[in-house]
Ligand SMILES: C[S@@+](CC[C@H](N)C(=O)[O-])C[C@H]1O[C@@H](n2cnc3c(N)ncnc32)[C@H](O)[C@@H]1O
């Protein structure tokens, strides 16, 4: 987050683009089964806050962007649950092992440089049986879309803060040792040219007991 585009412009764009009613429904779907103390990596401007269910008792927010944190202030202050900003890197969580009831990542595994390391960290801090809820965009099985994802990826990485279009989200999550509770894929509604950005992975995984 060193250049002005990444620090000042992207968080505002993200806050606008990822605030649609459709995305809100996806956020609600994945967050609804969370309970207890949650770590959210890539907290951004706090767009998930309204979707946390009442069973969530505390949120530990991991977010490197100061602009995103400022954009989150109102949502955090009006949240029905305490939100504590603790760290800046999902790859290195300042949280003791086996202490969290759940974790949430939305549109963040695409951007974290080493997503496998971030997932290892989430796995580490969860209690056995803890849930990891996710809503991510990633690689599309349709070869025509995937071809464009691979073509556009270098440009996407340069212009969107390191975001990748073509990560295998399901394989990354499985490789970290999680068991899938449920997962589904969907293409975000929109024009065909936007397909490379809109292939979604939604679900909940659990750290085995
Ligand atoms: C596309 S935004 C999504 C924000 C939010 N999760 C949402 O759904 O609206 C990606 C977020 O990941 C954050 N991020 C980037 N690198 C990160 C890292 N290494 N650890 C944690 N978060 C990171 C960015 O600052 C940004 O807020």
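Residue numbers (the numbering used here): 722 to 930.
For every residue, glycine included, the Cβ atom is placed at its ideal position computed from N, Cα and C.
Counting along the chain, no beta strand (DSSP E) covers residue 928, and no H or E run does either.
In the DSSP assignment, residue 901 forms a beta bridge with 926. Comparing C-alpha distances from residue 792 to each of 740, 834 and 886 shows the shortest one belongs to 740. Using a Cβ-Cβ distance cut-off of 8 angstroms, the region 814-831 and the region 792-805 are not in contact, since fewer than three pairs of beta carbons, one from each stretch, lie closer than that value.
In the three-state scheme derived from DSSP, where H, G and I count as helix and E and B as strand, residue 764 is classed as coil.
With a threshold of 16 other beta carbon atoms within 10 Å, residue 880 falls short and is exposed.
The Cβ-Cβ distance between residue 853 and residue 926 falls below 9 angstroms.
For residue 875, the enclosing alpha helix (DSSP H) stretches over residues 864-880.
In the three-state reduction of the DSSP assignment, residue 778 falls in the strand class, which pools E and B. About 6 angstroms separates the beta carbon of residue 769 from that of residue 752, a gap short enough to meet the 8 angstroms contact definition. Spanning the alpha carbons of residue 920 and residue 912 requires a straight line of approximately 13 angstroms. The region 763-783 makes contact with the region 731-750; the number of CB pairs closer than 8 angstroms reaches 3 or more.
At a cut-off of 8 angstroms, the beta-carbon of residue 737 does not count as near ligand 1: no heavy atom of the ligand is closer than that.
From the listed residues 811, 808, 830 and 806, the smallest Cα separation to residue 894 is found for 830. At least one heavy atom of ligand 1 sits closer than 8 angstroms to the Cβ of residue 768. Counting the other CB atoms within 10 Å of its CB gives residue 887 a total of 16 or more, which places it among the buried residues. Spatial neighbours of residue 802 in its own chain (CB-CB distance under 7 angstroms, excluding positions within 5 residues in sequence) are listed in chain order as 773, 777, 778, 779 and 780. Rounded to whole angstroms, the separation of the alpha carbons of residue 841 and residue 910 is 32 angstroms.
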